[in-house]
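*Asks:* Numbering-wise, the sequence shown is residues -10 to 344 according to the numbering used here. Every residue, glycine too, gets a C-beta built ideally from N, C-alpha and C.
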Amino acid sequence: MNPSPTHDTPIELIQACFAAQAERALALRTSSASERIGKLKLLQAALLKRQSELHQAFASDFGKPAAEVDLTELLPVVDEIHAATRHLRSWMRPRRVMPGLTTLGTSARVTYQGKGRCLIIGPWNYPVATLISPLVSAIAAGNTVILKPSEFTPAVNAVLGTVIAEVFDAAEVTMVTGATATAQALLDCPFDHIFFTGSSTVGKLVMSAAARHLASVTLELGGKSPVIVDESADLAQAAELIMWGKLVNAGQSCIAPDTLFVHRSVRDELLHRCKVIVAARYGKSDAAIASSPDLTRMIHERHAARVAALIDDAVGLGAKLLLGGGHNVRERFIAPTLLTDVPPELRAGAAGHRF
């Protein structure tokens, strides 16, 4: 039986789930392409069946519009499933290789098999895509999986928990929920592979825990994403791409643009175009933008307060507020904001921040 998708999973149940997957992991290594493809198609059908439920869940957790949910959460997963089901048979096919000098006269081939028991730890910013996309790969490769979503997206987790329990037996795939204690209990288990998406700080802890068990890891970690615009750029296209990348999911993306380095000859025109895009898409004032149904909210009040403080600190240190700056921490609202002439010391101090 899969654990509850909305409460902290007891450590004893985590250990029981991990133990239950040991025997199943051995069987899945020799499962056929047809069996794996069948599971992936069931997963896709279950997700799409609950599309409206996911829309409501994202509205609850993020205030995220339905079209953005489809574009950034569901379509990427569907694409992953389509790619896996289309290519899986060729991926699984053994490959002949030439023997080395010391083994002349023999034949050799490479046979692919799953890692075994896998752990996937997802972040809060894209709670479906970053959790289910690696699950697709793990299932295609013939593994068992324990999923650990972020505790900050309880409504989405509840829907995902229902999907997982409907499609998979707990000995194959299960989802556990909770905060730090849950994550630590999982990292104490000797998984064969760990897939983690999140901060570099936590990534180091994950890699350290994996090393204790000689587990392999896949780490997708956050960082900075500066944008450089020179005098030869197509400014209309540049402005559209920059503002789309920054404002989708309210900028809560690991590769969202956060700093613009613009050639002085095109600076004013580019910034003007950025302002026009925001006005057309969300409204011309902070009040209008705040009431727009198309702008996602911050994940929680603490994050909203942190970003609001960064903006206020920048203005206090001499940065010029070209656009936005408004915020309502209780409502988790941060207006699209453009700052210019940011002091060097602030740029250095903000280097570790993700907006």
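Which one of T326, P112, G52 has the shortest CA to CA distance from S188?
*Replies:* Answer by Cα proximity: P112.
*Asks:* Taking only three categories from DSSP, how would you classify V156?
*Replies:* V156 falls in the helix class under three-state DSSP.
*Asks:* For the region 247 to 321, list the alpha helix (DSSP H) runs that are entirely contained and at least 4 residues long, ordered along the chain.
*Replies:* As far as the region 247 to 321 is concerned, its whole alpha helix (DSSP H) runs of at least 4 residues are 256 to 271, 275 to 279, 290 to 305.
*Asks:* Where P246 and V134 are concerned, what is the direct C-alpha to C-alpha distance, given to the nearest angstrom?
*Replies:* If I take the Cα positions, the gap works out to 33 Å.
*Asks:* Given a cut-off of 8 Å, decide if L37 and V156 are closer than it, judged by their beta-carbon atoms.
*Replies:* Going by C-beta atoms, V156 is not nearer than 8 Å to L37.
*Asks:* Taking only three categories from DSSP, how would you classify R18?
*Replies:* Of the three classes helix, strand and coil, the one that applies to R18 here is coil, per DSSP.
*Asks:* Can you find the residues in the same chain that come closer than 8 Å, C-beta to C-beta, to V152, ignoring five residues on each side of it along the sequence?
*Replies:* Cβ within range, chain order: L32, A35, L36, R39.
*Asks:* Have a look at A297 and D283 and give me their C-alpha separation to the nearest angstrom.
*Replies:* Whole-angstrom Cα-Cα distance: 20 Å.
*Asks:* In terms of residues, what are the limits of the alpha helix (DSSP H) holding K196?
*Replies:* Per the sequence presented here, residue 196 reads as Met, with Lys not at that position. Looking at the DSSP string, the run of the alpha helix (DSSP H) that includes M196 is 189 to 201.
*Asks:* For the region 117 to 125 against the region 88 to 103, do three or more pairs of beta-carbon atoms, one drawn from each stretch, fall closer than 8 Å, so that the two count as touching?
*Replies:* No contact exists between the region 117 to 125 and the region 88 to 103.
*Asks:* Start and end of the beta strand (DSSP E) containing E229?
*Replies:* Segment 224 to 236 is the alpha helix (DSSP H) holding E229; no beta strand (DSSP E) there.
*Asks:* Could you pull out every residue in the same chain whose Cβ sits closer than 6 Å to the Cβ of F184, ignoring the five residues on either side in sequence?
*Replies:* Cβ neighbours of F184 beyond the five flanking positions: I109, P123, T207.
*Asks:* Where Q10 and A16 are concerned, what is the direct C-alpha to C-alpha distance, given to the nearest angstrom?
*Replies:* Whole-angstrom Cα-Cα distance: 10 Å.
*Asks:* Using a threshold of 8 Å, state whether the C-beta atoms of D181 and A204 are closer than that.
*Replies:* Cβ distance < 8 Å, so D181 and A204 count as in contact.
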